[in-house]
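What follows is a set of notes on a single structure, which appears directly below.
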Amino acid sequence: MATRPSRSPSTSLPLAAALLALAGTSCVPARILGGNVATLFDTPAPVPDKVREPYRPEARLAVLWVGHATTLVQIDDKFILTDPVFTSTVGVIVKRLVEPGLDPEDLPPVDAVLISHMHLDHLSLGSLSLIERKVRALFVPEGGLVYVPNYTFDTVEVPIWTTWQEDDLKITAVPVRHSGYRYGLDRDWMTASFTGYVVEYHGITVYFGGDTAYDRAMFRETRARFPAIDLAILPIAPITPRDFMTTKHIDPAEAVQAFLDLGARRMLAVHFDTFINSTDTVGEAPRELRRVMAARGLGPDRVVLLRHGGQRVLIGRGDPRGAAASGERDVRAAGVPAPR
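Numbering (UniProt numbering), first residue to last: 1 to 340.
Shown next, in the form of structure tokens:
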């Protein structure tokens, strides 16, 4: 009978020290791993005064940033949830820096959950189990069904430029540039399971980019097909090291350019300061975004930065298209520097 001996402090402490030393190496994956090990026993920073009732009766379009790529979008009476991750870790090592900005039990009934790709920090099966009873339908990119268990809600696989419609709600898969594998070993055959989405309902249009690299022609093609995007939800990190990230991820300057290429009225910045998935420092991405905004002459009425748990009404009931943002409930996450 094989047994696994318990690890004594004399062996575990050198192992921990060795893992921590990875943070100082020149190997990018090792540095990211080392950065995560350094936070392995930390408690995520709390989000004070979390929104407990996210429905905004005065809103035609409102958005709440839960953290990372997870947002809750309200369009009139519909709720759309993007890439939900509510768990305290991604995989075994990657830990949250900040609690989710909305607790799963406070979610309203969700009409559609949008999964952009299969990576562990975007398709969280544990999170889907937590919210299963609140979800009506789950949307995944082409080829993604193989990773989704048999939940009680409907699961829909949406190839690029395919539209799913029910009554007035339309969801279209649109192209992005990323990768579709989940575990690394599957990278040779999971080559196309990544997507963005455009959601249309009652004359309001929302773009969700998931993870993507910059491609001017691609964004402009989406604009040609959807010329009146009210909100573009775009990642702004990871940034560094740029030569390692550039083929899969836009940085703040590229995110702003993608926003302009899409011709959207507003942009919401996401995918930063929630997990350690690069060599970026906490606060680096929003600081760089503010610098780019100033250089491009874009104010907070066009490019929206929320703290974890922050919610903002973008189109009110009395303003069918909404020229100005209003009704912000923006929550500061304790222990995490606010964007400067």
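Where a beta carbon is used, it is the ideal one built from N, C-alpha and C, also for glycine.
Check, Outcome
"Cβ separation of residue 169 and residue 78, assumed to be a contact under 8 angstroms, to the nearest whole Å", "6 angstroms"
"First and last residue of the uninterrupted beta strand (DSSP E) at residue 196", "196-201"
"Presumed contact (8 angstroms Cβ cut-off) between residue 309 and residue 51, rounded CB distance", "6 angstroms"
"Cβ contact (3+ pairs, closer than 8 angstroms) linking the region 160-167 and the region 117-124", "no"
"CB contact flag (residue 344, residue 86, <8 angstroms)", "A question about residue 344 goes unanswered here, because the residues of the chain that appear run from 1 up to 340."
"Buried or exposed (CB count within 10 angstroms, at least 16 for buried), residue 154", "exposed"
"Meets three-Cβ-pair contact criterion under 8 angstroms: the region 222-232 and the region 196-207", "yes"
"Given residue 304 as reference, the closest of 259, 217, 280 once Cα atoms are compared", "259"
"Any non-hydrogen atom of the ligand MG closer than 7 angstroms to residue 262 Cβ", "Judged by which ligands are present, the structure shown has none, so any question about the ligand MG falls away."
"Neighbourhood of residue 157 by C-beta, 7 angstroms cutoff - its chain only, sequence neighbours within 5 removed", "140, 142, 144, 145"
"Residue 67 at chain D interface by Cβ criterion, 8 angstroms", "The chain labelled as chain D is not found in the depicted structure, where only one protein chain is given."
"N-terminal and C-terminal residue of the beta strand (DSSP E) that residue 139 is part of", "137-141"
"Residue burial classification, residue 254 (beta-carbon count within 10 angstroms, cutoff 16)", "buried"
"Spatial neighbours of residue 91 in its chain, beta-carbon cut-off 8 angstroms, leaving aside the 5 residues before and after", "120"
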